[in-house]
Each structure stands twice: as structure tokens, then as C-alpha cells.
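Q: Pasting in a structure now, in C-alpha cells, and then I'll have a few things to ask.
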Amino acid sequence: MEIKDFVKKRKEELKEEISKINKTISFLIIQVNDDEASNAYVKGKIKDASEVGINAILKRYPTSITEEELLKEIDKTNNDQNIYGIIVQMPLPKHIDEKKVSLAISIKKDIDGFHPMSLFTPCTPKGIISYLDEENFNYDSKNALVIGRSHIVGRPIAELLLNRNCNVTITHSHTKSDDLRRYVKNADLIVVAIGKTYFLDKTYEYKNDAYIIDVGINRTGDGLKGDCKPSLPVKLQTPVPKGVGLLTRLSLIENILEAYKYGI
Ligand code: NAP
Numbered sequence: 000m001e002i003k004d005f006v007k008k009r010k011e012e013l014k015e016e017i018s019k020i021n022k023t024i025s026f027l028i029i030q031v032n033d034d035e036a037s038n039a040y041v042k043g044k045i046k047d048a049s050e051v052g053i054n055a056i057l058k059r060y061p062t063s064i065t066e067e068e069l070l071k072e073i074d075k076t077n078n079d080q081n082i083y084g085i086i087v088q089m090p091l092p093k094h095i096d097e098k099k100v101s102l103a104i105s106i107k108k109d110i111d112g113f114h115p116m117s118l119f120t121p122c123t124p125k126g127i128i129s130y131l132d133e134e135n136f137n138y139d140s141k142n143a144l145v146i147g148r149s150h151i152v153g154r155p156i157a158e159l160l161l162n163r164n165c166n167v168t169i170t171h172s173h174t175k176s177d178d179l180r181r182y183v184k185n186a187d188l189i190v191v192a193i194g195k196t197y198f199l200d201k202t203y204e205y206k207n208d209a210y211i212i213d214v215g216i217n218r219t220g221d222g223l224k225g226d227c228k229p230s231l232p233v234k235l236q237t238p239v240p241k242g243v244g245l246l247t248r249l250s251l252i253e254n255i256l257e258a259y260k261y262g263i
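Take the sequence shown: its position 25, counted from the start at 1, is 24 in numbering that gives the first Met the number 0, and no numbers get skipped.
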């Protein structure tokens, strides 16, 4: 099933489930920037929420806000009985420590799943697994290659795949080119999350029944592009746009509902 159809189906199921809950499920988005990409992400989150019956509250602050003021706002929301989740839209201004802010969010409200003790799975890895499940990907003993080792995508997806009994290889910017080509050739599943337009292309050899999950979002003069050139000779390759980004958004909605179920 195409990702957009899968997401549509899941959103209808979520809407149905949420309509039976006799309480408004609200979450807070804190934005302290005005960059184009963040505005688009925030808009998307509000739209997704309203489509399934969740109430998104957006609070925008000037970039002059101090770290202390922001932490105070988070603390207040951590204790607010009517708000089930908190998102701080990154990036934050340079004078604010992003890590400190992420760690200030209650682990019961950290619906992005960025806190190391968070009760939630980070949205992008969670969305990738839901889609692979939907596609009946058989994880057991498969060779999974994760390209990129970020804390929000590469590392958590590697762990989720390992938990499903894949043989997981993680590569990064220090991986030698010949080694990467060997790993790619041998992979049943490749998750690419590096942010380099068309990094994987037809110069690599692939298994013809491989699955490629393209996480990359690269803004080019010619629109959004993935980390993989389209139409590689494999069984399944996720598109960019309308690919993993939609799965990430879906997972956020699922995490908000999960937060409601945990209770405050
Ligand atoms: P990130 O923090 O931007 O880090 C990039 C990672 O790629 C690092 O681990 C880096 O290795 C690795 N890398 C860079 N050049 C490489 C190369 N030539 N070969 C192998 N690895 C290389 O990672 P991120 O936050 O996960 O973002 C990655 C991409 O995914 C970006 O385009 C981002 O916009 C996109 N993204 C999309 C979604 C979505 O929902 N679709 C969600 C999150 C991120 P080192 O560690 O060695 O530096």
C-alpha cells in the first residue's frame, strides 16, 4: 500500500477512536523561531491533529525569550492537567540549550520521544516500523542497513530493528565508501537518514527484493528531494515527498493518543 493511503486509513481509525473519548485531548506546540521549514512542520501538526479531533495549542515566543522563561513555561505545562503532550519545535535560538529544553519536558508528555527516558518511541522510527509492519516485512534474520546515526532517527530505528531480530549495520560519515557499497549490496532493508540529495543512486548494487526507506528531506531549488534517487531497482522504495514525513506525522498523533491513555 502506498504511504499516503496507509496514513489516510490509520487517520480514519484514529479519528473514530478519538470520537468515542469524552474529553478534549490537547497538546502544546512551543515555537521560538520563524523559519520557513518550522512553520510548515507546525502547520502540518496542527492540521493532522484537527483532522482526527485533537486540539493543538500553538504558543509562539519571540526569539528574545530567555532559556529560564522557556523552562518555566515547560514546567507550568508539565503540571497542567489539561495538556497531554508538549512539543518544542526545533531549532531554538542559539542562546537556548536545546538539550536542556528537551530534558525539561515530562517523560509522560514528551510525545516527540526525544528524552532518553521518554515513554514514547520517537516519531520517525515508529512510523517506519508501522509501515514495514503494514507491508508485512519479515524482520527475522534480515540484513538491515541504517545509514546515519542521529539520536532521532538512525540510532532508534537501529534498535527497533534489532529488537525485531534483524542483523543491523549502522554506517556514518566515517564509513569507507567500499565498505558502504558492500553493505548496500548485502542489505534486505536500507534506512537512509543523512540529508544528502540522491546519496544512494544506481551506481550502487542492490538486492532486487530489498526495501529502501528514504528518510532524507533535502530542500533544493527543484523542490524536496530524498537521500535516494527515485526508481532504484528494488522491491520497495519510499518516495520523497509524501513518504516518511507522513509517517512521522502519523506517529505524533498516535503518541498524543497514547499520552492521553497514560493519563497525566
Ligand atoms: P542528522 O542529525 O542531520 O545527522 C546526519 C547523519 O548522517 C549523521 O549521523 C552523519 O554521520 C550521517 N552522514 C552524513 N554524511 C554521510 C555520508 N556521506 N555517509 C554516511 N553517513 C553520513 O540526522 P537526522 O536528524 O536523522 O536527519 C537526516 C535527514 O533526515 C535530514 O535530511 C532530515 O531532514 C531528515 N529527516 C526527515 C524526517 C522525516 O520525517 N521524513 C525526520 C527526521 C529527519 P556522522 O554522525 O558521522 O556525522
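Each residue gets a CB set at the ideal place from its N, CA and C atoms; glycine is no exception.
Cβ atoms of I29 and K44: under 8 angstroms apart, would you say?
A: Here the question's residue 44 lines up with position 45 in the sequence shown. Here the question's residue 29 lines up with position 30 in the sequence shown. Contact flag unset, no.
Q: Just mark S101 as buried or exposed, buried being the case when its beta carbon has 16 or more other beta carbons within 10 Å.
A: Numbered from its first residue, the sequence shown carries residue 101 at position 102. S101 comes out buried.
Q: Would you call the region 54–62 and the region 4–16 touching, i.e. three or more CB-CB distances under 8 angstroms?
A: No, the region 54–62 does not touch the region 4–16.
Q: Using C-beta distances below 6 angstroms, list every residue in its chain close to I151, excluding the 5 sequence neighbours before and after it, in chain order.
A: Along the sequence shown, read from residue 1 onward, the residue named residue 151 stands at position 152. The answer, listed in chain order, is P121.
Q: Compute the minimum distance between the beta carbon of N38 and the heavy atoms of the ligand NAP, and state whether it is under 7 angstroms.
A: Along the sequence shown, read from residue 1 onward, the residue named residue 38 stands at position 39. No, the beta carbon of N38 sits no closer than 7 angstroms to any heavy atom of the ligand NAP.
Q: Which residue's Cα is closest to the Cα of V145: L179, I20 and R218?
A: If you number the sequence shown from 1, residue 145 lands on position 146. Out of L179, I20 and R218, L179 has the C-alpha closest to the C-alpha of V145.
Q: What do you reckon, are the CB atoms on V233 and G215 nearer than 8 angstroms?
A: Locating residue 233 in the sequence shown gives position 234, where the first residue counts as 1. Locating residue 215 in the sequence shown gives position 216, where the first residue counts as 1. Cβ distance not < 8 angstroms, so V233 and G215 don't count as in contact.
Q: Is it buried or exposed, R248, if we count other Cβ atoms within 10 angstroms and call 16 or more buried?
A: In the sequence shown, residue 248 corresponds to position 249, counting from 1. Flag for R248 reads buried.
Q: With DSSP collapsed to three states, give me the class of Y182.
A: The residue you call residue 182 lines up with position 183 of the sequence shown. Helix at Y182.
Q: Which value, in whole angstroms, describes the spacing of the CA atoms of G194 and K228?
A: Here residue 194 refers to the residue found at position 195 when the sequence shown is read from its first residue. Here residue 228 refers to the residue found at position 229 when the sequence shown is read from its first residue. One C-alpha to the other measures close to 13 angstroms.
Q: Quick check: I255 and I82, are their CB atoms within less than 8 angstroms of each other?
A: Along the sequence shown, one-based indexing puts residue 255 at 256. Along the sequence shown, one-based indexing puts residue 82 at 83. The answer is no: Cβ separation not under 8 angstroms.
Q: At a cut-off of 7 angstroms, is I127 close to the ligand NAP when judged by its beta-carbon and the heavy atoms of the ligand?
A: For this step, residue 127 is matched to residue 128 along the sequence shown. I127 Cβ: outside cutoff for every heavy atom of the ligand NAP.
Q: Is K195 a contact residue of the ligand NAP, with contact defined as CB to any heavy atom under 7 angstroms?
A: Within the sequence shown, the letter at position 196 stands for residue 195. For the ligand NAP, at least one heavy atom lies less than 7 angstroms from the Cβ of K195.
Q: Look at G84 and F26 and say whether their C-beta atoms are less than 8 angstroms apart.
A: On the sequence shown, residue 84 is found 85 positions in, with the first residue counted as 1. On the sequence shown, residue 26 is found 27 positions in, with the first residue counted as 1. Closer than 8 angstroms, so yes.
Q: In terms of residue numbering, what span does the alpha helix (DSSP H) encompassing Y40 cover?
A: Your numbering for residue 40 matches position 41 in the sequence shown. Note, Y40: alpha helix (DSSP H), E35 to V51.
Q: List the endpoints of the continuous beta strand (DSSP E) containing N54.
A: Residue numbering aside, residue 54 sits at position 55 when the sequence shown is read from its first letter. Segment N54 to R59, the beta strand (DSSP E) holding N54.
Q: Can the beta-carbon of I2 be found less than 8 angstroms from the beta-carbon of K241?
A: As a working note, residue 2 is residue 3 in the sequence shown. As a working note, residue 241 is residue 242 in the sequence shown. It is a contact, given that the beta carbons lie within the stated cut-off.
Q: Helix, strand or coil for F26, going by three-state DSSP, please let me know.
A: Counting from one through the sequence shown, the residue named residue 26 turns up at place 27. Of the three classes helix, strand and coil, the one that applies to F26 here is strand, per DSSP.
Q: Between the beta-carbon of K272 and the beta-carbon of A258, is there less than 8 angstroms?
A: Missing from the structure shown is residue 272; the chain here goes from 0 to 263 and no further.
Q: Taking the straight line between their C-alpha atoms, what separation do you get for L199 and L246?
A: Within the sequence shown, residue 199 is the residue found at index 200, counting from 1. Within the sequence shown, residue 246 is the residue found at index 247, counting from 1. About 21 angstroms.
Q: Grab me the residues of M89's own chain with a C-beta within less than 7 angstroms of its C-beta, minus the 5 sequence neighbours each way, in chain order.
A: Along the sequence shown, one-based indexing puts residue 89 at 90. Result list for M89: E97, in chain order.
Q: From P92 to Y138, what does the alpha carbon distance come to, in whole angstroms?
A: Along the sequence shown, read from residue 1 onward, the residue named residue 92 stands at position 93. Along the sequence shown, read from residue 1 onward, the residue named residue 138 stands at position 139. Distance between the alpha carbons of P92 and Y138 is about 41 angstroms.
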